[in-house]
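S.K.: In this note's numbering, the protein residues as written are 27 to 204.
Note that beta-carbon positions come from the ideal geometry of N, C-alpha and C, so glycine has one too.
Quick one: structure below, then a few questions.
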């Protein structure tokens, strides 16, 4: 379970707080973590892999470990990773945490509503576009972005987040506009 209880990893898939499936997971195992806001799933076996909980894509894979991982820890920001594999202790510190979304609250809203987007990899300058319109956003921390839903047509609206370093993240159905 991630830090705020909004995303859970169960066997072979991730589910939201209502136990509705987000995406089947091709990655994971007994050494699996959903740190912080739950946008990223970290797993360690023969190597460390980081995948997206909403789209199921592997975003980052690190060099193979000398032996199968026996113990594994990730800090809440998702930046620092510690893996015990056999007699070796491997420490990784990511220069950039991959951009990903765990939750959007509320999931249905009217234009002008404040949306709280929880995820990973948010930095100063992270922007959001909802249904092709720019949203006014404020960075709360590396895992929380608050945006105002712009005036867009009713229905499921796609959302794209972008970081100044060029990372982008898209949700086909980011918010249900009423």
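1) Compare the Cα-Cα distances from residue 180 to each of 88, 102, 203 and report the closest residue.
2) Which same chain residues end up closer than 6 Å to residue 45 when comparing Cβ atoms and leaving out the 5 residues on each side of it in sequence?
3) By the three-class DSSP mapping on this structure, what secondary structure does residue 184 have?
4) Tell me which residue opens and which closes the beta strand (DSSP E) that residue 78 is part of.
5) Tell me whether residue 88 sits in a helix, a strand or coil according to DSSP, three-state version.
6) Starting from the C-beta of residue 178, find all residues in its chain whose C-beta is less than 8 Å away, skip the five residues before and the five after it, and write them out in chain order.
7) For residue 182, count neighbouring Cβ atoms within 10 angstroms of its own Cβ and tell me buried if that reaches 16, exposed if not.
8) Buried or exposed: which applies to residue 192, given that a residue is buried once 16 or more other Cβ atoms fall within 10 Å of its Cβ?
9) Can you check which of these residues, 130, 149, 60, 152, is closest to residue 184 by C-alpha distance?
10) If you draw a straight line from the alpha carbon of residue 154 to that of residue 189, how long is it in whole angstroms?
11) Checking the sheet assignment: what are the DSSP bridge partners for residue 167?
12) Name the two residues that bound the continuous beta strand (DSSP E) containing residue 129.
13) In this structure, how does DSSP classify residue 54 when only helix, strand and coil are distinguished?
14) Please classify residue 17: is it buried, with 16 or more other beta-carbons within 10 angstroms of its beta-carbon, or exposed?
M.R.: By the coordinates alone:
1) Here residue 180 refers to the residue found at position 154 when the chain shown is read from its first residue. Looking at the Cα atoms, 203 is the closest of the given residues.
2) Taking the first residue of the chain shown as position 1, residue 45 is located at position 19. Only weak support is given to the placement of residue 45: the predicted model assigns it a pLDDT of 47, under 50, and the value that follows is read from those uncertain coordinates. Excluding residues within five positions, none has a Cβ falling inside 6 Å.
3) For the purposes of this step, residue 184 is taken as residue 158 along the chain shown, with counting starting at 1. In the structure shown, residue 184 sits in a strand (DSSP, three-state: E or B).
4) Stepping through the chain shown from its first residue, residue 78 is reached at position 52. Segment 74-78, the beta strand (DSSP E) holding residue 78.
5) As a first step, residue 88 must be located in the chain shown, where it is residue number 62. Coil at residue 88, not helix or strand.
6) Residue 178 sits at position 152 when you count from the first residue of the chain shown. Cβ within range, chain order: 137, 156, 157, 158, 159, 203.
7) Here residue 182 refers to the residue found at position 156 of the chain shown. Exposed, because fewer than 16 other Cβ atoms sit within 10 Å of the Cβ of residue 182.
8) Numbered from its first residue, the chain shown carries residue 192 at position 166. It counts as exposed.
9) Position 158 of the chain shown, counted from the start, is the residue given in the question as residue 184. It is 130 whose Cα lies nearest to the Cα of residue 184.
10) As a first step, residue 154 is located in the chain shown; it is residue number 128 there, counting from the start. As a first step, residue 189 is located in the chain shown; it is residue number 163 there, counting from the start. Whole-angstrom Cα-Cα distance: 9 Å.
11) Mapped onto the chain shown, residue 167 falls at position 141. DSSP output for residue 167 lists 170 as bridge partner(s).
12) On the chain shown, residue 129 is found 103 positions in, with the first residue counted as 1. That run of the beta strand (DSSP E) goes 126-131.
13) Numbered from 1 along the chain shown, position 28 holds the residue referred to as residue 54. Per-residue confidence for residue 54 stands at a pLDDT of 46, beneath the threshold of 50, marking its modelled position as unreliable; no derived number is given.
14) The chain is shown only over 27 to 204; residue 17 falls outside these bounds and no answer can be derived.
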